[in-house]
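FYI, the numbering for the sequence shown is 463 to 523, going by my numbering.
All C-beta atoms, glycine included, are put in the ideal place defined by N, C-alpha and C.
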Amino acid sequence: MTLGLWGRIRSSTISWLIISAFFFALDVVDGFPFPSWSLVLIIVFMFWPLYFAVRWIVRGF
């Protein structure tokens with residue numbers, strides 16, 4: 463069963479939010495070092511849906 467483009471984006475978005483929240487909590491414990499892991503994850507998270515969109519288009523929908 464395929465989820466389609468938006469199903470994959472929604473599924474990966476929830477996963478990345480959980481992972482980002484975990485690393486953000488670690489940053490709070492560490493006193494917000496710079497560069498922080500949560501900042502890196504949030505930047506990666508912003509581009510993650512683009513990966514699925516490009517892959518979906520390249521494969522021909």
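When the Cα atoms are used, S482 and G469 turn out to be separated by approximately 20 Å.
The C-alpha of F507 is placed about 6 Å away from the C-alpha of W478.
In the DSSP assignment, S498 falls outside any alpha helix (DSSP H), carrying neither H nor E.
For the pair S500 and F514, the CB atoms are not nearer than the 8 Å cut-off.
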